[in-house]
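So the numbering used here is basically just the index in the sequence shown, starting at one, shifted up by 3. Don't be surprised by glycine CBs; every beta carbon is placed ideally from N, CA and C. As the structure is a computational prediction, the values presented were derived from the model and not from experiment.
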Amino acid sequence: MDVHKPKPWHGVREFLKEYLIIVVGVLTALAAEQTVEALHWSHQTRNTELTLSSEVQQSVDAVAERQALDACLRSQLVALRAAALGGGGGPAFAPPTAAATSGRVVGDLYQTPWRAWTRGSWSAAAASNSLNHVDPQRLIAYANAYKAIEDIDAIIRQERNGKGALAPLALGKLGPQEAGQVLSALTNLDGDRADIGVAGRDLFEDAGKLGIRPHAANAYLAAFRKRTGVCV
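Shown next, in the form of structure tokens:
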């Protein structure tokens, strides 16, 4: 059986030639691998930003809705405060949201928009390491926008929980203590309304750095009036 032995190098020049071929081959393979990886992360980062921007856009539009409805929300609080100062009224009490709460034992006396303030895409992007490839300035803007969304979500939850304290208005005449509790709840709800506005402006500022702006809000009030029967 013939055994082919490797040919011996004939001098330093031939050795360097063989060495150069090996080095070029290795570098070419590494460059190709890095190119494939760069293309992968470029695609992944683009999809991540599209998902994040879509989620932030939803919250920006939800804030725009709150802004468009702010006068309506304040007018409801004013009417509820007047009812509390007047001692409530039990079943005869007709809150400004009566048309929207028929069929309930105690309806939602203070009607506000119900929106989901989602942040799942941010958590998913962080877990996948996609955020490591986002432009640093845009990453900061995304992080601040999602912090504002988190703050708004916390205030919204507080607002929803606080509405329960208004129930005595529809359950019977209010005594001095009950009236005080309802008035305190209304003050807190008005504070929540204002805080949502402040956090919403922060969200607008950070989203604007990402090119995300609210869609036209002209129809928000009309749709809210139709759905809830308030501020008509």
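How many angstroms separate the CA atom of residue 54 from the CA atom of residue 193?
-> Their Cα atoms are separated by approximately 33 angstroms.
Would you mind working out which of 149, 222, 232 sits nearest residue 208, comparing C-alpha positions?
-> Answer by Cα proximity: 149.
Starting from residue 75 and walking both ways along the alpha helix (DSSP H), at which residues does that stretch end?
-> Note, residue 75: alpha helix (DSSP H), 73 to 88.
At a cut of 8 angstroms, does the segment 169 to 182 reach the segment 145 to 159 through at least three beta carbon pairs?
-> The way I'd put it, the segment 169 to 182 doesn't touch the segment 145 to 159; fewer than three beta-carbon pairs between them come closer than 8 angstroms.
Over the uninterrupted alpha helix (DSSP H) stretch that includes residue 161, give me the two end residues.
-> Per DSSP, residue 161 belongs to the alpha helix (DSSP H) from 139 to 165.
Compare the beta carbon distance of residue 224 and residue 63 with 9 angstroms and say whether it is the shorter of the two.
-> Note that the C-beta distance between residue 224 and residue 63 is not below 9 angstroms.
Alpha carbon to alpha carbon, how far is residue 191 from residue 147? Give it in angstroms, no decimals.
-> The straight-line gap from Cα to Cα measures roughly 26 angstroms.
Taking residue 120 as part of the alpha helix (DSSP H), name the residues at either end of that continuous run.
-> Counting along the chain, residue 120 sits inside no alpha helix (DSSP H), nor does DSSP assign it H or E at all.
Sort 83, 211, 113, 78 by Cα distance to residue 141 and report the nearest one.
-> Nearest of 83, 211, 113, 78 to residue 141, Cα basis: 211.
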